[in-house]
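Take a look at the structure set out below.
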Amino acid sequence: MHSALSASAPEAAPSPAQAGLRVVALGGGTGLSTLLRGLKKYAPPAGAPAEDHSGPIRDLAAVVTVTDDGGSSGRLRKDFNMLPPGDLRNCMVALSEDEHLLSRLFSHRFQSGGDLEGHSFGNLFVIALTEMTGDFAEAVRLSAEILATRGHIYPATTANVTLAAEMDDGEIVRGETRITACRKQIVELTMEPPDAAPLPETLHAIAHADLITVGPGSLYTSVITNLLVRGIPEALAQARGLRVYICNLMTQANESLHLTASQHIERIYEHTGMPVFDYALIHTGEVSEVLRQRYAAEGAEPIRPDIERIEAMGIRCITGDFAAEGDVLRHDSERVAKQVLDLALKARAGR
């Protein structure tokens, strides 16, 4: 059995002399956009040739879930019969220059205006480009180009898919919003239609990546949903790059109640039907009592890091303090980015 690796990550960024990693990050929601904010600092600026860049990332791609059916995205999805742009928009903003006016504009949410109230400008922009081009993926690409993002952003699929969850009492609940709101335990997640295909660019990016991260994010509706897209689990299983699962910090009452870190991975493997991880990044630091109590009121708790059980699955663990506390608990984007990049650079150097 491998021993867990403690995250005594260097304070400095990985050596530029080892530049050139191709990185793919899969996920959705706040977790993925948080990670991207850390990774983008090491990626080439928009429009800059990769060969002129001295940082450790030469190419960065995000593969983003498209099953949201609530809020502004849900309303637009229903009104225009298009894919939801919300998670994709958040990733565009995360990969853009934060101080840039356009990125703040894309995040702006209308506070009034009748039908406009509650919509974000970025969502409306993507929808407008989709109508103009007739191609959702192209609208996402053009939006990212306008925002000068430090990386590519791909929807997990361009099929208009709906999630369906079988609960522990046998009930089938359809739609991400209803699944998230349901207080029953999810037994199995499926996608309708079941044969939704990924973009060819996604499979190409995974096949040529040096580092692939999965998570953090809601276990079912941000992580597993991407792995239901036809061909993505197989691409991950066959990938030559280092595959790292970034485990959540806290459980979610309606998606991962009382699940340990290893049980998160087991649920993922039940849906992929094959092992897809080499490493797992697990938070073993403390969570303040104030935040513990705040999350406990929502039925959430820190995820128990059962390291030995994970390593018995053939997955090496990277442990350490990866959290940043504020009003909520989030991953420290810089600390996580440094850790996974350092890991990938060492793996490549040892080949």
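For the sequence shown, position 122 matches number 123 in the working numbering, and the numbering has no gaps at all. Backbone N, C-alpha and C define an ideal beta-carbon position, used for all residues, glycine too. Remember, it's a predicted structure, so these values are computed and weren't measured experimentally.
Spatially closest choice to ALA140 from ILE180, MET83 and ASP333, by CA coordinates: Checking every option, the nearest Cα to that of ALA140 belongs to MET83.
Measuring alpha carbon to alpha carbon, tell me which of VAL25, GLU335 and GLU287 ends up nearest ASP322. When each option's Cα is compared against that of ASP322, the closest is GLU287.
Less than 7 Å between C-beta atoms, sequence neighbours within five positions excluded: which residues of the same chain meet that for ILE269? Closer than 7 Å at the Cβ level, and outside the excluded window around ILE269, lie VAL224, ILE225 and LEU228.
Look at the alpha carbon of VAL230 and the alpha carbon of SER289, and state the distance between them as a whole number of angstroms. Whole-angstrom Cα-Cα distance: 38 Å.
On the three-state DSSP scale, how would you describe ALA18? Confidence at ALA18 is low in this model, with a pLDDT of 43, below 50, so the placement of that residue should be treated as unreliable; the coordinate-derived value is given next. Correct three-state label for ALA18: helix.
Can you name the residues that DSSP bridges to SER121? As a beta-bridge residue in DSSP terms, SER121 pairs with ARG110.
State the start and end residues of the unbroken beta strand (DSSP E) segment that holds ASP80. Here ASP80 belongs to no beta strand (DSSP E); instead the alpha helix (DSSP H) covers 72-81.
Going by Cα to Cα distance, which pick from THR159, ASP333, LEU344 and PRO194 is closest to ARG175? Ranking the options by Cα distance to ARG175, first place goes to PRO194.
Return helix, strand or coil for THR214, following the three-state DSSP convention. The answer is strand: DSSP assigns THR214 an E or B state.
Is it the case that the CB of ARG105 approaches a heavy atom of the ligand NAP more closely than 6 Å? Of the ligands one can find in the structure shown there are none, so the ligand NAP has no counterpart to examine.
Which value, in whole angstroms, describes the spacing of the CA atoms of ASP80 and ASN161? Distance between the alpha carbons of ASP80 and ASN161 is about 13 Å.
Please name the residue, chosen from THR163, ILE266, THR252 and GLU335, that lies closest to GLY75 on a Cα-to-Cα basis. It is THR163 whose Cα lies nearest to the Cα of GLY75.
DSSP puts GLU167 in a beta bridge; with which residues? According to the DSSP secondary-structure assignment, GLU167 is paired through a beta bridge with ILE173 and GLU189.
Which first and last residues belong to the beta strand (DSSP E) in which PRO156 is found? Judged by DSSP secondary structure, PRO156 falls within the beta strand (DSSP E) whose first and last residues are 153-156.
Would you decide whether ASP357 is buried or exposed? Buried here means 16 or more other CB atoms lie within 10 Å of its CB. Residue 357 falls outside the range modelled here, since the chain spans only 2 to 352, and no answer is possible.
Note down the Cα distance separating ILE213 from VAL245, rounded to an integer number of angstroms. Each residue's Cα considered, the two are about 6 Å apart.
Hey, would you say LEU353 sits closer than 7 Å to GLY152, going by beta carbons? The first residue shown for the chain is 2 and the last is 352, placing residue 353 beyond what the model contains.
What would DSSP say about ALA297, mapped onto helix, strand or coil? Assigned with DSSP and collapsed to three states, ALA297 falls in helix.
Can you say whether ALA313 is buried or exposed, counting buried as having 16 or more other CB atoms within 10 angstroms of its CB? Result: exposed.
Check whether ALA63 and ALA26 have beta carbons under 7 Å apart: Yes, the pair counts as a contact, with Cβ atoms nearer than the cut-off.
Could you give the distance in angstroms between the alpha-carbon of GLU302 and the alpha-carbon of ASN249? Between GLU302 and ASN249, the alpha-carbon positions lie close to 11 Å from each other.
Does DSSP classify ALA325 as helix, strand or coil? Shown here, ALA325 sits in a strand according to DSSP, grouped into three states.
CA-to-CA distance, PRO85 to GLU132, given in whole angstroms: Rounded to whole angstroms, GLU132 to PRO85 spans 14 Å at the Cα level.
Which residues mark the beginning and the end of the beta strand (DSSP E) in which ILE247 is found? Per DSSP, ILE247 belongs to the beta strand (DSSP E) from 243-247.
Stretch pair the region 200-218 + the region 26-38: three plus CB contacts closer than 8 Å: Counting C-beta pairs closer than 8 Å gives three or more between the region 200-218 and the region 26-38, which meets the contact rule.
Measuring alpha carbon to alpha carbon, tell me which residue in ARG78, GLN186, GLY123 and VAL337 is nearest ALA254. A check of alpha carbon separations from ALA254 across ARG78, GLN186, GLY123 and VAL337 identifies GLN186 as the nearest.
Could you spell out the range, first to last residue, of the beta strand (DSSP E) harbouring ALA281? Run containing ALA281: 280-284, per the beta strand (DSSP E) assignment.
From what residue to what residue does the beta strand (DSSP E) around ILE58 run? Annotation for ILE58: the continuous beta strand (DSSP E) segment containing it runs 58-65.
Report the residue from GLU146, SER257, ALA145 and PRO234 whose alpha carbon sits nearest the alpha carbon of CYS183. For the options GLU146, SER257, ALA145 and PRO234, the alpha carbon positioned closest to that of CYS183 is the one of SER257.
Where do the N-terminal and C-terminal ends of the alpha helix (DSSP H) with ARG184 fall, by residue? No alpha helix (DSSP H) contains ARG184, which DSSP labels as neither H nor E.
Buried or exposed: where does ILE266 fall if 16 or more other Cβ atoms within 10 Å of its Cβ makes it buried? Buried.
Considering only the alpha carbon of each residue, which of ARG23, VAL127 and ASP136 lies closest to LEU148? When only C-alpha atoms are compared, the closest one is VAL127.
Let me know the secondary structure DSSP gives THR134 once reduced to three states. Residue state, collapsed to three classes: helix.
Look at the Cβ atom of MET192, then the Cβ atom of ALA238, and state whether they are nearer than 7 Å. Not a contact, by the Cβ cut-off of 7 Å.
Return the residue from the list THR150, LEU243 and ARG38 that minimises the CA-CA distance to LEU346. The shortest Cα separation from LEU346 among THR150, LEU243 and ARG38 belongs to LEU243.
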